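Read through the structure below, which is laid out as structure tokens, and then see the notes.
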Amino acid sequence: MRTAITMNITDVLILGRGGQGGVTAARILVSAAMKEGKWGQAMPEFGAERRGAVVRSYARIGTEPVMLHSAIKQADIIMMLTHTILNQVDVTGIAKSRSTKLIINSPAPIKTELPTYWVNANQIAEDLGLVIAGWHVVNTSMLGALSKATGLVKLDSVMDSLEEFIRGSVLKQNIEAVRRAFNETKITTEAEVIA
Amino acid sequence: MQETIQRQARKVLVGDHAVAEAVKLARTQVISAYPITPQTLIVERLAEMVDNKEINAKFIRVESEFAALASVYGASAGGARAFTATSSHGLFYMYEMLWWAAASRLPLVMAVVTRSLGPPWNIHDEHTDIMAIRDSGWIIGMAQNVQEALDMTLAAYKITEDSRVLLPVAVGLDGFILSHTAEVLEVPSQEVVDGWLPPRDPHIPYVIEPGGEPITMGNMVKSDAHHMLLKKMMDEAMDGAKNVIHDVFASYAKLTGRNNGDLIECVNCQNSDYVAVATGAWSGDIMKAVSDLREEGYNVGFLRIRFLRPFPEEAIMDVASRARGIIVFDRDYSTGLGGIIAAEMMGLVPQSVSFKGVIAGLAGVDVTPSEVKAAIKDFIDDAERNGPIRIRKTWLMQKMEGGKP
Chain A
1 MRTAITMNIT DVLILGRGGQ GGVTAARILV SAAMKEGKWG QAMPEFGAER
51 RGAVVRSYAR IGTEPVMLHS AIKQADIIMM LTHTILNQVD VTGIAKSRST
101 KLIINSPAPI KTELPTYWVN ANQIAEDLGL VIAGWHVVNT SMLGALSKAT
151 GLVKLDSVMD SLEEFIRGSV LKQNIEAVRR AFNETKITTE AEVIA
Chain B
1001 MQETIQRQAR KVLVGDHAVA EAVKLARTQV ISAYPITPQT LIVERLAEMV
1051 DNKEINAKFI RVESEFAALA SVYGASAGGA RAFTATSSHG LFYMYEMLWW
1101 AAASRLPLVM AVVTRSLGPP WNIHDEHTDI MAIRDSGWII GMAQNVQEAL
1151 DMTLAAYKIT EDSRVLLPVA VGLDGFILSH TAEVLEVPSQ EVVDGWLPPR
1201 DPHIPYVIEP GGEPITMGNM VKSDAHHMLL KKMMDEAMDG AKNVIHDVFA
1251 SYAKLTGRNN GDLIECVNCQ NSDYVAVATG AWSGDIMKAV SDLREEGYNV
1301 GFLRIRFLRP FPEEAIMDVA SRARGIIVFD RDYSTGLGGI IAAEMMGLVP
1351 QSVSFKGVIA GLAGVDVTPS EVKAAIKDFI DDAERNGPIR IRKTWLMQKM
1401 EGGKP
């Protein structure tokens, strides 16, 4: 019988616009963690799905089964599927500390109050033919960026998890997108900042 | 044993799909459901499984929740292993049939995704819906995570079909925060489940078959006194179910390595001055609060109610007799009374022991470990200064934008 619960958990907040696949990204992340012997949980933001609005999803990754079910209000890692929501979100308010890493899909280096890693996931989607019904598919590639920036899960674990969620011909492109995003993710340095 | 445990597959499933997986592993023969909001992913996934022939079951799509329960009732009377799932308003649409199913002493398993009841319209988590069936004769369990949603559903078949029980079992899982949350879990193999849960014996409790012995079901009995006797027998079966539930989870633990208790789960609840009590998915958040308080030097434990019926009276009395104070968190309420678990427990807690009931998290309101921690701390500090204090009902309200409505 347990005497206490281990709370060695990494909290991840994924922000994007409704329809960008943040919930699926959280599930792929948990699946990748499971492949490394870890435990985890992926929660959507509850309520009606709203295409285009800012939506959150959460993931908790731990070395033991995750027992918590309350919402994550402040995270260790923030992943943003588009830079266009940056002015709608108080990033320091949702960060656990000033060392919380922000991983963001942006066409150019971008500066925030947090250590910020950027990758042009839209460009990767365009290059690989991953623009579907006018939407750039970036939820998968951004997990490659998260892997590079944080090491929370390995690149191979992310790539190996995709087939559980993506069927058909686009699987290959998604795997390639994850690999490219991993390789192209950079931390924003003072000299580069344009935004 | 170790070999068996290793044969489990780790997967990532939402709570609803974990229940569907358990229904499949149990080789359920008849599934019936009405596909209306708020239905769940459980029957959606089961419908896919039937379509793909992953499970050899009849799926009956009926015209209402009433008919959903009525048709599995019929299937069970015919000797089949049967399952349905529902939620909030759908459960209430079944209300009359719930009593017929229980008093007919038929083995059935039903998943209840717990949600708020309208108006105002809201499909977020709350336990009031499942609490409202607690007098009907159903055994009622509440899962705390996706793993337990699967484990408890499998165990439910073993419990309901036990000839000492023969009462239907409802397995509750919190709406959204379990039903739609994906978690890593371990799924036992079909082979292992087959060895543990044999096919249902269609002759228990009775069989209706062409040319067989004629029986009547639900007809008037010889006298009202006989009717009352049947009620007493149901109550005795419910009491007897306590041992069966204990044994079923003990044997399941041998199979899987997982044992989270029987009617209750106790985390330092028998050797602590103060004990927090709750049921369902927020238990982990409350345990986190308790764990943090222990680090600060508070002598506090946690008691999780796994089964609301049969009510774990003996376990509660045992814990209460050793404690200085009990604080109960209810995600449910009975208007005009208060939190339902608090109301049911208070009489079992001696007058010399401090007691407080807290209603929180209704309508899907998120409750954080830090809010729970503050509430427990307040209670302990108050009880230490002024105890014994006895407060059956308090409301933990969140700050609202724009102040009070």
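Taken in sequence, the protein lines are chains A and B. Going by this note's numbering, the first residue of the first sequence is number 1, and it counts up by one from there. Going by this note's numbering, the first residue of the second sequence is number 1001, and it counts up by one from there. Just so you know, even glycine gets a beta-carbon here, dropped at the ideal spot from N, CA and C. Here the structure is a predicted model, which is why all the values come from computation and not from measurement.
- Reducing DSSP to helix, strand and coil, say where residue 105/A ends up. strand
- From the DSSP output, which residues share a beta bridge with residue 51/A? 18/A
- Item | chain A contact for residue 1015/B (CB, 8 angstroms cutoff) | no
- Euclidean distance between Cα positions of residue 99/A and residue 1023/B: 45 angstroms
- Item | Min CB distance residue 1284/B to chain A below 8 angstroms | yes
- Message: Looking at chain A, is there any beta carbon in it that lies within less than 8 angstroms of the beta carbon of residue 1010/B?
- Response: yes
- Query: Taking Cβ-Cβ distances below 7 angstroms as the criterion, which residues of the segment 23 to 50 of chain A are in contact with chain B?
  - Reply: 27, 30, 31, 34, 39, 40, 41, 42, 43, 44 and 46
- Cα-Cα separation, residue 45/A to residue 1182/B: 12 angstroms
- Item | Between the CA atoms of residue 1161/B and residue 1204/B - distance to the nearest angstrom | 8 angstroms
- Task: Enumerate, from N- to C-terminal direction, the unbroken alpha helix (DSSP H) stretches of 4 or more residues contained entirely within the segment 1330 to 1365 of chain B.
- Result: 1340 to 1346
- If we count Cβ pairs, one from each stretch, closer than 8 angstroms, do we get three or more for the segment 82 to 99 of chain A versus the segment 147 to 158 of chain A? no
- Message: Please tell me whether residue 97/A has its Cβ less than 8 angstroms away from any Cβ of chain B.
- Response: no
- Query: Buried or exposed: where does residue 1120/B fall if 16 or more other Cβ atoms within 10 Å of its Cβ makes it buried?
  - Reply: exposed
- Find the nearest neighbour of residue 1074/B within the set 1101/B, 1096/B and 1056/B, judged by alpha-carbon distance. 1101/B
- Task: Taking residue 71/A as the query, report the chain B residues whose CB atoms sit under 7 angstroms from its CB, ordered along the chain.
- Result: 1366
- Message: For the alpha helix (DSSP H) containing residue 1317/B, name the first residue and the last one.
- Response: 1313 to 1322
- Under 7 angstroms between beta-carbons, which chain A residues line up against residue 1359/B? List them in chain order, please. Those do not exist, as residue 1359/B stays about 17 angstroms from chain A at its closest Cβ, beyond 7 angstroms.
- Contacting positions in the segment 1181 to 1200 of chain B - beta carbon closer than 9 angstroms to chain A: 1181, 1182, 1183, 1184 and 1185
- Message: Considering only the alpha carbon of each residue, which of 1328/B, 1068/B, 1349/B and 1337/B lies closest to residue 1357/B?
- Response: 1328/B
- Task: Only counting runs of 4 or more residues, tell me where the alpha helix (DSSP H) segments fall wholly within the segment 111 to 178 of chain A, in order along the chain.
- Result: 121 to 127, 139 to 150 and 155 to 161
- Per DSSP, cross-strand counterpart(s) of residue 1059/B: 1031/B
- Please decide whether residue 1147/B counts as near chain A, where near means a Cβ-Cβ distance under 8 angstroms. yes
- Message: Beta-carbon within less than 6 angstroms of residue 1406/B's beta-carbon, same chain only, minus the 5 sequence neighbours each way: which residues are those?
- Response: Coverage of chain B is limited to positions 1001 through 1405, which leaves residue 1406/B absent and any answer about it impossible.
- Item | Residue interval of the beta strand (DSSP E) (run including residue 1165/B) | That residue, residue 1165/B, is in no beta strand (DSSP E); it is neither H nor E in DSSP.
- Could you name the residues of the segment 1104 to 1126 of chain B whose beta carbon sits closer than 9 angstroms to any beta carbon of chain A, in the order they occur along the chain? 1123, 1124 and 1125
- Item | Cα-Cα separation, residue 1123/B to residue 1222/B | 45 angstroms
- Could you tell me which chain A residues have their CB closer than 8 angstroms to the CB of residue 1369/B, listed as they occur along the chain? 68 and 70
- Item | Where the beta strand (DSSP E) through residue 40/A begins and ends | 39 to 44
- Coil, strand or helix - residue 1183/B by DSSP: strand
- Short CB-CB distance (under 8 angstroms) between residue 1140/B and chain A: no
- Take residue 1333/B as the anchor and find which of 1095/B, 1017/B, 1115/B and 1093/B has the nearest alpha-carbon. 1115/B
- Hey, how far is the Cα of residue 1187/B from the Cα of residue 1304/B? 23 angstroms
- Rounded to whole angstroms, how far is the Cβ of residue 1064/B from the Cβ of residue 1095/B, which I believe are closer than 8 angstroms? Their Cβ separation, rounded to whole angstroms, is 12 angstroms, which puts residue 1064/B and residue 1095/B out of contact at 8 angstroms.
- Message: Can you tell me whether residue 130/A is buried or exposed? The criterion is at least 16 other CB atoms within 10 Å of its CB, across all chains shown.
- Response: buried
- Query: Taking buried to mean at least 16 other C-beta atoms within 10 Å of its own C-beta, is residue 1331/B buried or exposed?
  - Reply: buried
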